[in-house]
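Heads up: the structure comes next, in structure tokens.
Residue numbers (my numbering): 9 to 266.
Given below as structure tokens:
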């Protein structure tokens, strides 16, 4: 059996800090299997014991999944000596429990997954699993039709790295904007691919991983916890029609101002 301390269990699954949990226990607001307990260090079995906080059952969550709409200026790391990290955008009691599953450039915006599920992170990040990531980019110069074949054929970057085949196409009615689909995540890959093609990325926004899209209502800098059905969509094949339809909605309401 996997026993853990009562205060850790409550803090991990309620959003309360350890000190807040201690106060709740002291004030008689916590029950273990129907009995009020005053022991914060009580060892419980999270799989079978019933824990209540102020009359409400606490559901055991082994893993946490957070979708963040990253703003520019933050790095995808657990710590950085110079720049703020994406974890700084979460409350302290939550930021200590997750890590960024993948990178998004410091000056880029959009979808970042934060989790403590290492297995899921590996499945999303490894190229062998072919989980696609979708980006919208604003270019310095107009999109050229030859980019489509360059990306599709697996271009070689300036340092000799070879990219997996990728998809790219211009946004309708605006040749300065393009949509990119990658199935890997090399350092600054989208920017380096366009640089190799003779163009420059002025703005980059990631809006989808797998078949999970960033909600239109989730503002830059905000985050939300994902439900199980949302996590499953990360590993589902993308619904291209739905993704593009929702992208244009998001584009018209937000990205058009960039």
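Glycine included, each C-beta is placed from N, C-alpha and C at the ideal position.
Quantities reported herein were computed from a predicted structural model and do not represent experimental measurements.
| Item | Value |
| --- | --- |
| Apart from the five residues on each side of it in sequence, which residues of its chain come closer than 8 Å, Cβ to Cβ, to residue 192? | 135, 171, 172 |
| Any contact between the stretch 67 to 74 and the stretch 36 to 53? By contact I mean 3 or more CB pairs, one from each, below 8 Å. | no |
| Enumerate in chain order the residues of its own chain whose CB-to-CB distance from residue 41 is below 7 Å, with the five nearest sequence positions on each side excluded. | 57, 58 |
| Please go through the stretch 159 to 225 and give each complete alpha helix (DSSP H) segment of 4 or more residues, from N-terminal end onward. | 197 to 204 |
| Measure the CB-CB distance between residue 78 and residue 112 and report whether it falls below 8 Å. | yes |
| Anyone know if the C-beta pair for residue 82 and residue 96 falls short of 8 Å? | yes |
| Between which residues of its own chain and residue 244 is the CB-CB distance below 7 Å, once the five residues before and five after are set aside? | 218, 219 |
| Which of the three DSSP states, helix, strand or coil, is assigned to residue 66? | coil |
| Look up residue 74 in the DSSP assignment and give the residues it is bridged to. | 122, 233 |
| Under the three-state reduction of DSSP, which class applies to residue 40: helix, strand or coil? | strand |
| Residue 221: buried (16+ other C-beta within 10 angstroms of its C-beta) or exposed? | buried |
| Is it buried or exposed, residue 228, if we count other Cβ atoms within 10 angstroms and call 16 or more buried? | exposed |
| If you check the beta carbons only, do residue 209 and residue 145 fall under 8 Å apart? | yes |
| Compare the Cα-Cα distances from residue 76 to each of 157, 106, 101, 51 and report the closest residue. | 106 |
| Would the beta-carbon of residue 19 fall within 8 Å of that of residue 26? | yes |
| Which class does residue 61 belong to by DSSP, given the choice of helix, strand or coil? | strand |
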